[in-house]
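Numbering (the working numbering), first residue to last: 1 to 901.
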């Protein structure tokens, strides 16, 4: 009897759990093509993720992934918050992972082991590492091994866990051992079955107990002495699809079970109910999971054969397109009461619950292969034969897919618009107008292409724009009757809008304005043309009593008091260029500008209060249901965002600088010795290539994150434009002290705090104070040498050259000292140096003579009396003069011509 009650309760809980998570949709999953078959996942202190794979360590920072070659294959990771590193155990070694100055992850070995380390755990100062035959206890501060615990004879270890500060190791066939100091003794009462299999996984369950798993996929509660079976609706799932890992979530209320053939399930701790199923049917790329990890933003990372996936556990964003049955491209959507209707190019669909023995799946599973992964494309599968494999398959699909999209009968064309008219669902399709009742479409108008419809319940009138004209119909006691019509419309109709007593039809390059009588029928109409060369559609909107027209180029306002003139609508044109959508009733417009969605309704134009809507920048459909919730269609996927979100998305405080690259493949350190980010760096002089590689580990929308920066200090600048590139590059920075400020913006519009780093650009050696002193001393020495040589009357040519060199050196020194200030004043135009060099070249020789006259030693002064002495006489040998009374005349001796004869 107890078993019957238990199974009945379990079945009821399964049904309740399926109903709970189906009504709110499936979790939002992002799939990546890196980190395939990861052995373990961890994150560094700066939130950068670390995947240990057979190819090495793969890091992901929200924008880019990098592969780091490691000489050792690592199987287990554990983060150490005190030492800011990741401890790793692998093939015969235990060590730690850290970043170097180049942003590379490097492995430093600490001690070697006998065998491969499959489990590594931290307990204060003690590092535990387990191989199949030995469990090691290592003291981190003392840097030595404390104990080695060898497996019992004829056995090996298959599990290790910490329970309430005590260490336990599992040996199949022997039991559970308590590792106490140098001793290892049996502990607890596991029973014969558990004693034979042992314990492979352990997670804390409450203050007294822990949740354990055995190799036969059974779950147990351990209180330090006894092992009690754990029963919940989740046990059947993990037993069927082979439990791999268990992970407690940070909220303390749930934990995750990963399997080898059924993806993952999220289980409520208190009730044991499966709240979410994450597998191939709900959006996961592969059901064979290898590692799971929860990041600090509440995202669950799952590694599998197709890469890795992130599940937004904490986000209110839900996905409904993962339910099977939808065909074609989604064109419209509406929620009418508790039912969700989706119009596509292939017809109309409603989200319905699976009943009876029906099994609904997007794929057909090939039974002959005995695998859950061999699939062929199909929509609905009905189970007919029963065998153990199909029972497991049915349990998999029934729990994964409790709902499916059922096609509405009689509607097989494109559904362009869905309208709630007095509680009835009306469908405007490419083949007619339909009313939907009890999941069946009943035609109101057949074989007629319907562009758009507009309901006026107060007038008891429905306006239908078709290829054969505008039609007004009215309902009488459940029947629809045409009451008025206008001849064929020459262009396609974009939408309809009722303002006052006029009905507006948006056309291509124009608008049709229809005046209505008091009973809603047509009085008269006329067409208003938009005189432009380019043919473009116009959408009609209404803000209060103002009617406006939207196009891809701008907004126009229709002023009736000015004779129906179309004037530029400045209130909207300031948001151009923009993207826009309208709801099913075509009364609310949604405009996108700078990644911010605005709601234009009645007399207000304001941003949407729900920031998660801004995560999407290209939408097919955006609708608001009667409860104020948002329904969004993007990339042919249906997303649900509740009206009220309990909390804003968890985002990192500020961007991080991963590494700094300079000239010649050199890197500047960005981490201090204790692993913390530094706040200042010293840049080599004359660096023509300075690149700051930045990241913002916001994983919900990492690839759509934008960055902005500015420089303070020398060369101060304003904030740059928002950019998606995760690096900042400078071709030149002047010498001196600077400060780089960086901040990030998420697609939701949230701006992070500012990250700042000091930059000191060292001056080149020729701009240092000691080099200036050497230059001055050198100039002085040249000048003194020139003065000395000129006064000693040495070689005239050498002294002239030395004087010129001194002049040129002095002038060039002055030019070099003054030139930066002049160039800065002139905007960088090198005018000053050119003018100074021209002046120097023109006045160089005259200046040299003038300088020589100044620095040459003056001749002795001759008195006036000496100047008035008697004239000099020629000496007897004719080579000189001597003083005498009068000066002899020296006549030139004529040449001797005797030899001519």
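By construction, the Cβ of each residue, glycine as well, lies at the ideal position given by its N, Cα and C atoms.
Inset, instruction - Locate the alpha helix (DSSP H) running through residue 570, then write down its first and last residues. - result: Sequence index remark: in the chain shown, residue 570 carries index 570 (1-based). Boundaries of the alpha helix (DSSP H) around residue 570: 570-573.
Inset, instruction - Just list the beta strand (DSSP E) runs in the region 281-351, keeping only unbroken ones of 3 residues or longer that don't cross its boundaries, in chain order. - result: Complete beta strand (DSSP E) runs here, min 3: 289-294, 299-304, 307-312, 330-336, 339-344.
Inset, instruction - May I ask you to verify whether the region 431-439 touches the region 341-358, counting CB pairs closer than 8 Å and requiring at least 3? - result: Yes, the region 431-439 is in contact with the region 341-358.
Inset, instruction - Give the secondary structure of residue 702 by DSSP, where H, G and I count as helix, E and B as strand, and everything else as coil. - result: Against the chain shown, residue 702 aligns to sequence position 702. Note: residue 702 maps to helix in three-state DSSP.
Inset, instruction - Answer yes or no: do residue 148 and residue 138 have a C-beta to C-beta separation smaller than 8 Å? - result: The residue you call residue 148 lines up with position 148 of the chain shown. The residue you call residue 138 lines up with position 138 of the chain shown. Contact: no.
Inset, instruction - State buried or exposed for residue 617, treating a residue as buried only when at least 16 other CB atoms are found within 10 Å of its CB. - result: Sequence index remark: in the chain shown, residue 617 carries index 617 (1-based). By the C-beta density criterion, residue 617 is exposed, having fewer than 16 other C-beta atoms within 10 angstroms.
Legend entry - Beta-carbon proximity list for residue 614, same chain, < 7 Å, skipping 5 on both sides: What you label residue 614 is simply residue 614 of the chain shown in a count that begins at 1. For residue 614, where only same-chain residues beyond five positions count, the Cβ hits under 7 Å are 595, 596, 597, 747, 748, 749.
Legend entry - Reduced DSSP category for residue 527 - H, G, I as helix; E, B as strand; rest coil: By one-based count along the chain shown, residue 527 stands at place 527. In the three-state scheme derived from DSSP, where H, G and I count as helix and E and B as strand, residue 527 is classed as strand.
Legend entry - Burial state of residue 143, where buried means 16 or more other Cβ atoms lie within 10 Å: Numbered from its first residue, the chain shown carries residue 143 at position 143. By the C-beta density criterion, residue 143 is exposed, having fewer than 16 other C-beta atoms within 10 angstroms.
Legend entry - Candidates 332, 297, 232: closest to residue 265 by CA position: Taking the first residue of the chain shown as position 1, residue 265 is located at position 265. Looking at the Cα atoms, 232 is the closest of the given residues.
Legend entry - Assigned exposure category for residue 606 - 16 Cβ within 10 Å defines buried: Indexing the chain shown from 1 puts residue 606 at position 606. Label assigned to residue 606: exposed.
Inset, instruction - Could you pull out every unbroken beta strand (DSSP E) segment of at least 3 residues lying fully inside the region 494-555, listed in chain order? - result: You should have 496-499, 502-506, 510-516, 522-529, 539-543, 546-550.
Legend entry - Three-way DSSP call (helix, strand, coil) for residue 45 in this model: For the purposes of this step, residue 45 is taken as the residue at position 45 of the chain shown. Shown here, residue 45 sits in coil according to DSSP, grouped into three states, outside any helix or strand.
Inset, instruction - Grab the span of the beta strand (DSSP E) containing residue 483 for me, first residue to last. - result: Position 483 of the chain shown, counting from 1, holds the residue named residue 483. 479-486 is the span of the beta strand (DSSP E), which, as asked, contains residue 483.
Legend entry - Nearest to residue 412 (by Cα), restricted to the options 440, 402, 422: Sequence index remark: in the chain shown, residue 412 carries index 412 (1-based). Residue 440 holds the alpha-carbon nearest to the alpha-carbon of residue 412 among 440, 402, 422.
Inset, instruction - Please go through the same chain and pick out, in chain order, the residues whose beta-carbon is closer than 6 Å to the beta-carbon of residue 212, but skip the five residues on each side of it. - result: Translated into positions along the chain shown, residue 212 becomes position 212. Here residue 212 has 199, 202, 220, 222 as same chain residues with Cβ atoms under 6 Å from its own Cβ, once five neighbours each way along the sequence are excluded.
Inset, instruction - Closer than 6 Å by C-beta to residue 689: which residues in its own chain qualify, once you throw out the five before and the five after it? Chain order, please. - result: Counted from its first residue, the chain shown places residue 689 at position 689. Cβ neighbours of residue 689 beyond the five flanking positions: 663.
Legend entry - DSSP state of residue 129 mapped onto helix, strand, coil: By 1-based counting over the chain shown, the position of residue 129 is 129. For residue 129, the three-state secondary structure derived from DSSP is strand.
Legend entry - Close-in-space but distant-in-sequence residues of the same chain around residue 317 (CB under 7 Å, 5 per side omitted): Counting from one through the chain shown, the residue named residue 317 turns up at place 317. Here the set comprises 28, 612, 639, 641.
Legend entry - Under 8 Å between C-beta atoms of residue 210 and residue 196: The residue you call residue 210 lines up with position 210 of the chain shown. The residue you call residue 196 lines up with position 196 of the chain shown. Here residue 210 is not near residue 196, since their CB atoms are 8 Å or more apart.
Legend entry - Cα-Cα separation between residue 943 and residue 332, rounded to whole angstroms: With the chain running from 1 to 901 in the structure shown, residue 943 is simply not present.
Inset, instruction - Classify residue 234 as helix, strand or coil using the three-state DSSP reduction. - result: Along the chain shown, one-based indexing puts residue 234 at 234. Helix.
Inset, instruction - Tell me whether residue 287 is buried or exposed, calling it buried when 16 or more other Cβ atoms sit within 10 Å of its Cβ. - result: As a working mapping, residue 287 is identified with position 287 in the chain shown. Its Cβ being crowded by 16 or more others within 10 Å, residue 287 is buried.
Legend entry - residue 366 to residue 281 span [Cα, whole Å]: Position 366 of the chain shown, counted from the start, is the residue given in the question as residue 366. Position 281 of the chain shown, counted from the start, is the residue given in the question as residue 281. Per-residue confidence for residue 366 stands at a pLDDT of 40, beneath the threshold of 50, marking its modelled position as unreliable; the derived number appears in the next sentence. Here the alpha carbon of residue 366 sits roughly 16 Å from the alpha carbon of residue 281.
Legend entry - Same chain, Cβ closer than 7 Å to residue 909, five either side skipped, listed in chain order: In this structure the chain extends from 1 to 901, so residue 909 is not present and cannot be described.
Inset, instruction - Whole angstroms is fine: what's the gap from residue 298's alpha carbon to residue 696's? - result: Here residue 298 refers to the residue found at position 298 when the chain shown is read from its first residue. Here residue 696 refers to the residue found at position 696 when the chain shown is read from its first residue. Roughly 16 Å separates the two Cα atoms.
Inset, instruction - Given a cut-off of 8 Å, decide if residue 324 and residue 401 are closer than it, judged by their beta-carbon atoms. - result: Locating residue 401 in the chain shown gives position 401, counting from the first residue. Locating residue 324 in the chain shown gives position 324, counting from the first residue. Contact: yes.
Legend entry - Through-space distance from residue 321 to residue 483, alpha-carbon basis: By one-based count along the chain shown, residue 483 stands at place 483. By one-based count along the chain shown, residue 321 stands at place 321. Counting only the Cα atoms, residue 321 lies some 40 Å from residue 483.
Inset, instruction - Quick one: give me the first and last residue of the beta strand (DSSP E) that residue 630 is part of. - result: Against the chain shown, residue 630 aligns to sequence position 630. Counting along the chain, the beta strand (DSSP E) containing residue 630 begins and ends at 630-634.
Inset, instruction - Work out the CA separation of residue 234 and residue 76 for me, nearest whole Å. - result: Start at 1 with the first residue of the chain shown, and residue 76 comes out as number 76. Start at 1 with the first residue of the chain shown, and residue 234 comes out as number 234. One alpha carbon belongs to residue 76, the other to residue 234, and they sit about 26 Å apart.
Inset, instruction - State the DSSP-derived secondary structure class of residue 661, mapped to helix, strand or coil. - result: Looking up residue 661 in the chain shown gives position 661. Assigned with DSSP and collapsed to three states, residue 661 falls in strand.
Inset, instruction - Could you tell me which residues DSSP pairs with residue 120 in its beta bridges? - result: Looking up residue 120 in the chain shown gives position 120. Partner(s): 129.
Legend entry - Nearest-angstrom Cα separation, counted from residue 160 out to residue 60: Translated into positions along the chain shown, residue 60 becomes position 60. Translated into positions along the chain shown, residue 160 becomes position 160. Taking the straight line joining both Cα atoms gives about 29 Å.
Legend entry - Continuous beta strand (DSSP E) stretch holding residue 34: start and end: Taking the chain shown and counting its residues from 1, the one referred to as residue 34 is at position 34. No beta strand (DSSP E) contains residue 34, which DSSP labels as neither H nor E.
Inset, instruction - Could you say if the region 628-639 and the region 715-731 meet the contact criterion of at least three C-beta pairs nearer than 8 Å? - result: The answer is no - the region 715-731 does not touch the region 628-639, with fewer than three Cβ pairs under 8 Å.
Inset, instruction - Count the other C-beta atoms from every protein chain shown that fall within 10 angstroms of the C-beta of residue 542, then say buried if there are 16 or more, exposed otherwise. - result: Residue mapping note: residue 542 aligns to position 542 of the chain shown, counting from 1. Flag for residue 542 reads buried.
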